[in-house]
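S.K.: With our numbering, the residue at position 108 of the sequence shown is 106, and numbering never jumps. We treat Cβ as the ideally placed atom computed from N, Cα and C, and that holds for glycine. Here the structure is a predicted model, which means the values were calculated and not measured.
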Amino acid sequence: MVEEKIICIGCPLGCETNLKIDDQGEVIKITGYKCKEGRQYVLEEYRSPVRVLTATVLTQSSARPLFPVRSNRPLLKTQLKEAAKALAGVKVKPPIRVGQTILSNLMNTGVDVIATDDLTY
Ligand code: SF4
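1) Would the region 81 to 94 and the region 109 to 119 be scored as touching if the rule is three or more Cβ pairs under 8 Å?
2) By how many angstroms is the C-alpha of Met105 removed from the C-alpha of Val96?
3) What do you get for Gly36, buried or exposed, if any count of 16 or more other CB atoms within 10 angstroms of its CB means buried?
4) Check for me: the beta strand (DSSP E) holding Leu17 runs from which residue to which?
5) Quick check on this structure: which residue in Ile7, Asp20, Pro66, Lys3 has the alpha carbon closest to the alpha carbon of Tyr39?
6) With DSSP as the reference, identify every bridge partner of Leu101, one or two as the case may be.
7) When DSSP labels each residue in this structure, what does Arg37 get in the three-state scheme?
8) Let's see if you can read the secondary structure: which residues bound the beta strand (DSSP E) around Ala53?
9) Any chance the CB of Lys32 is under 7 Å from a heavy atom of the ligand SF4?
10) Compute the Euclidean distance between the alpha carbons of Thr99 and Lys91, then round it to the nearest angstrom.
Pasting the structure below:
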């Protein structure tokens, strides 16, 4: 059996939880959480952690060569490196409005990459 600590980020309390994990990798006990949402969060964080991808892409604007984007939904942490590589080949052309889709269905995940700012020129 092994133990793993995960800090819940579900609210500002930031509870430090402790997971006891058996030899098959199954969670057999969780302590330290203060609500059922926190328990669910740490279980998901252990089993399949996800993150919103934030990045920059190239532009055709000499005034602003890099432009900020993010995924509209979280991706598995294991997909982030490949997703960043996929964005390396993207070059956007102004005008772009905040929230506009820059890349649809990133790596066939169903997740879109969207603009997080305006690019006017
Ligand atoms: S376990 Fe509940 S109370 Fe604690 S940080 Fe997570 S959401 Fe907040």
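M.R.: Working from what's here:
1) yes
2) As a working note, residue 96 is residue 98 in the sequence shown. As a working note, residue 105 is residue 107 in the sequence shown. One Cα belongs to Val96, the other to Met105, and the distance between them is close to 22 Å.
3) Position 38 of the sequence shown, counted from the start, is the residue given in the question as residue 36. Buried: at least 16 other Cβ atoms inside 10 Å.
4) The count along the sequence shown starts at 1 and reaches residue 17 at position 19. Counting along the chain, the beta strand (DSSP E) containing Leu17 begins and ends at 14 to 19.
5) The residue you call residue 39 lines up with position 41 of the sequence shown. Considering only Ile7, Asp20, Pro66, Lys3, the residue with the shortest C-alpha distance to Tyr39 is Ile7.
6) Within the sequence shown, numbered from 1, the residue matching residue 101 stands at position 103. The partner list for Leu101 (beta bridge, DSSP) reads Val111.
7) Indexing the sequence shown from 1 puts residue 37 at position 39. If DSSP states are grouped into helix, strand and coil, Arg37 belongs with the helices.
8) Here residue 53 refers to the residue found at position 55 of the sequence shown. Note, Ala53: beta strand (DSSP E), 52 to 57.
9) Translated into positions along the sequence shown, residue 32 becomes position 34. Checking every heavy atom of the ligand SF4 against the Cβ of Lys32, one is found closer than 7 Å.
10) Translated into the one-based positions of the sequence shown, residue 99 becomes position 101. Translated into the one-based positions of the sequence shown, residue 91 becomes position 93. Between Thr99 and Lys91, the C-alpha separation is close to 12 Å.
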